[in-house]
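This report concerns only the one structure given below.
Residue numbers (the working numbering), protein chains in the order written: chain A, 1 to 345; chain B, 346 to 690.
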């Protein structure tokens, strides 16, 4: 879980004596170096889609960490500068992540169609039914189009001055992190755990507001409770989206808490609380699955609104939608088990 | 769970001294009296559908018990006569049960459509979507037609000489149970538990052949694994039916075991093993739910094959099919918990 970054540590002495500013700067500089390296890899990848994809993944990985850590440890930084960078990193992560997200979603839906057709275990029929095959083709068309657009948008973004400003900011971060003058000298041992604790508290509050008792009761049928609900008003979120939103928020807070812990681990040069790190990782994975399944379910529902599709196609998309909403429910159950077993981690 | 039948007990002394034949005859006579009373109620119910339905329910209830107990305690009876009666009772229970089954299935599917539309909790939209409403109307047409046909078939069956022969046999049973001469004098305390134990063994063997480890793992997605499987060969069962069959068989064996226990309880004038009775009842209810949901899911799939339906209707039926298959999975999970918690009950 914890990544070691060689070389760039700037701690002025043994871990015990390091200042909060030093530790934070060390972590951020290492991530900025990663960011710049991924950016170079991406530029060099040329037409190799796999290499470009991997470089983009690493780029997003360090961008998320920089933005997250700047958020958790905000009081230690020069916020005029870092708030701006944070906003821009979120924009960049989003733009660069969409192509991958569409590809992953198509793979998920295609896999589900095969599973639902019993094609995996060589069962009856073996292949896809007409409906499942057509549903697959429809999803493929829609998501490939979305993916292509996302690819163009990402390439375009990489050419903008907005992007170059982010790259310049990362280069600055790699050499010197703009810190708050007052916070620069505070002892890391006192200040960092305190801010991580605040992140923990925000996470705990949000998680405890979730319907965990319900989610812990398997087959509660909650996630599909609006599977056939009337379409929402054009300006309102769909009923399922409203239900999912607090879980997505907890997902983001788990991630912030993980990155906060990485800074503490970096300071101590070890995993301070290995079981906490494992639990945060597990909780985050469950909520990633929750988000992925929710988005896949929404795609199946959206595809079913395509005009003039065959009833067999629509039927397969209905089964697929319900299947992915049950994945949503399963992910909530998994998260609830991790969270409750941990007490408040 | 255990029903007490007044009056008709023929035990020749204190429970300890009763013969197996006496106890069995006492139970069967009481059920035959119930059967004849329900039959009279049914004949008198005239146009009152509720009364007729309740009478038919009681009739099936005693018919199932007579047939089940004749099966478990078969060696104690005059099998030439009782095997024949058993076959006829199974036929009658089936003919008389269909109307109710279609009505219950429609109610289940209608309830699920409302639940899936979020209409229960006054959620977004409130009412049904066009697709859900049309799917509901289609299912209503199909199942009402099936129900009407079943009603006619039941009325017709009640007028046949085949039915009158069953009624005559029940009347004979109410006055004198044809027992095996050799078994007549055996002590109840030894013989009855032994035969109940055999029923238990058949149940345990069948239950242990079920994929209980998988079913005990919530959200295993097994029940929907063939949700979009290619249609089976015309002479083969559908893939989901093949998967469900062993569970249906265990459902029947649980029922036999319950009736076997009722005879033992009747003998002792108390529930011999109250916790066993509770567990058998719970296990039976879980498997009833399994059967009901499996049949409802099959109906939704069959309705979706109606020519020229709108895509929105087909989509709603797909969601409904998947929802009911998840009910199937939930019922397996519930059964597994009851069964494994009980050890071998």
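Backbone N, C-alpha and C fix where the C-beta goes; we use that ideal spot for every residue, glycine too. Since the structure is predicted, the reported quantities are computational estimates derived from the model, not experimental observations.
Counting only beta-carbon atoms, is residue 267(A) nearer than 8 Å to chain B?
-> no
Nearest-angstrom Cβ-Cβ length linking residue 365(B) and residue 528(B), presumed shorter than 8 Å = 6 Å
Rounded to a whole number of angstroms, what is the C-alpha to C-alpha distance between residue 124(A) and residue 106(A)?
-> For residue 124(A), the predicted model reports a pLDDT of 47, less than 50, meaning its position is unreliable; a value from the coordinates is still stated below. Spanning the two alpha carbons is a distance of roughly 25 Å.
Listed in chain order, which residues of the stretch 104-115 of chain A have Cβ atoms closer than 8 Å to some Cβ of chain B?
-> 113 and 115
Check each residue of the stretch 526-556 of chain B: if its Cβ is closer than 7 Å to any Cβ of chain A, include it; give the result in chain order.
-> none
Pick out whichever of 132(A), 146(A), 128(A) and 332(A) has its Cα sitting closest to the Cα of residue 213(A).
-> 332(A)
So who's on the other strand from residue 473(B), going by DSSP bridges?
-> 229(A)
Assign residue 244(A) to buried or exposed, taking buried as 16 or more other Cβ atoms, counted over all protein chains shown, within 10 Å of its Cβ.
-> buried
Under the assumption that residue 595(B) contacts residue 638(B) (Cβ atoms under 8 Å), give the Cβ distance between them as a whole number of angstroms.
-> Wrong, their Cβ atoms sit about 15 Å apart, outside the cutoff.
Would the stretch 552-566 of chain B and the stretch 95-106 of chain A be scored as touching if the rule is three or more Cβ pairs under 8 Å?
-> no
Can you find a CB in chain A that lies within less than 8 Å of the CB of residue 420(B)?
-> no
Neighbour-count burial assignment, residue 605(B), 16 or more Cβ in a 10 Å radius | buried
Name, in chain order, the residues that DSSP records as bridge partners for residue 489(B).
-> None, per the DSSP bridge assignment.
The alpha helix (DSSP H) with residue 529(B) in it runs from where to where?
-> No alpha helix (DSSP H) holds residue 529(B); DSSP gives it neither H nor E.
So residue 66(A) and residue 41(A) are in contact, right, with Cβ under 8 Å, and what is the actual spacing, rounded?
-> Not confirmed; about 17 Å, so no contact.
For residue 485(B) and chain A, any beta-carbon pair shorter than 8 Å?
-> no
Enclosing alpha helix (DSSP H) for residue 104(A) [first to last residue] | 79-116
What do you reckon, are the CB atoms on residue 700(B) and residue 369(B) nearer than 8 Å?
-> Residue 700(B) lies beyond the stretch modelled for chain B, which goes from 346 to 690, so this question has no answer here.
Look at the alpha carbon of residue 499(B) and the alpha carbon of residue 538(B), and state the distance between them as a whole number of angstroms.
-> 37 Å
When burial is assigned at 16 or more other CB atoms within 10 Å of the CB, is residue 509(B) buried or exposed?
-> exposed
In its own chain, which residues sit with a C-beta less than 7 Å from the C-beta of residue 102(A), not counting the 5 before and 5 after it?
-> 143, 146, 147 and 150
Count the CB pairs spanning the stretch 474-487 of chain B and the stretch 644-660 of chain B that are closer than 8 Å, and state whether there are at least three.
-> yes
Simplified DSSP assignment, three categories, for residue 179(A) = strand
Buried versus exposed call for residue 462(B) [16 or more other C-beta atoms within 10 Å across all chains shown] | buried
According to DSSP, what are the bridge partners of residue 306(A)?
-> In DSSP, residue 306(A) forms no bridge with anything.
Could you check the C-alpha separation between residue 45(A) and residue 35(A) for me, to the nearest Å?
-> 15 Å
Within 10 angstroms of the Cβ of residue 176(A), are there 16 or more other Cβ atoms? Answer buried if so, exposed if not.
-> exposed
Work out the CA separation of residue 675(B) and residue 341(A) for me, nearest whole Å.
-> 23 Å
Residue 163(A) CB to nearest chain B CB: under 8 Å?
-> no
Whole-angstrom C-beta distance between residue 300(A) and residue 321(A), which should lie under 8 Å = 4 Å
Secondary structure of residue 270(A), DSSP reduced to three states | coil
Kindly identify the DSSP beta-bridge partner or partners of residue 19(A).
-> 187(A)
Tell me whether the beta-carbon of residue 296(A) lies closer than 8 Å to the beta-carbon of residue 108(A).
-> yes
Please list the partners that residue 416(B) has in chain A, where partner means a Cβ-to-Cβ separation under 7 Å.
-> Here the premise fails: no neighbours, minimum Cβ distance about 33 Å.
For residue 329(A), which residues in chain B fall below 8 Å Cβ to Cβ?
-> 564
Cβ shell of residue 683(B) (< 8 Å), same chain only, five flanking positions each side left out = 624, 627, 628 and 631
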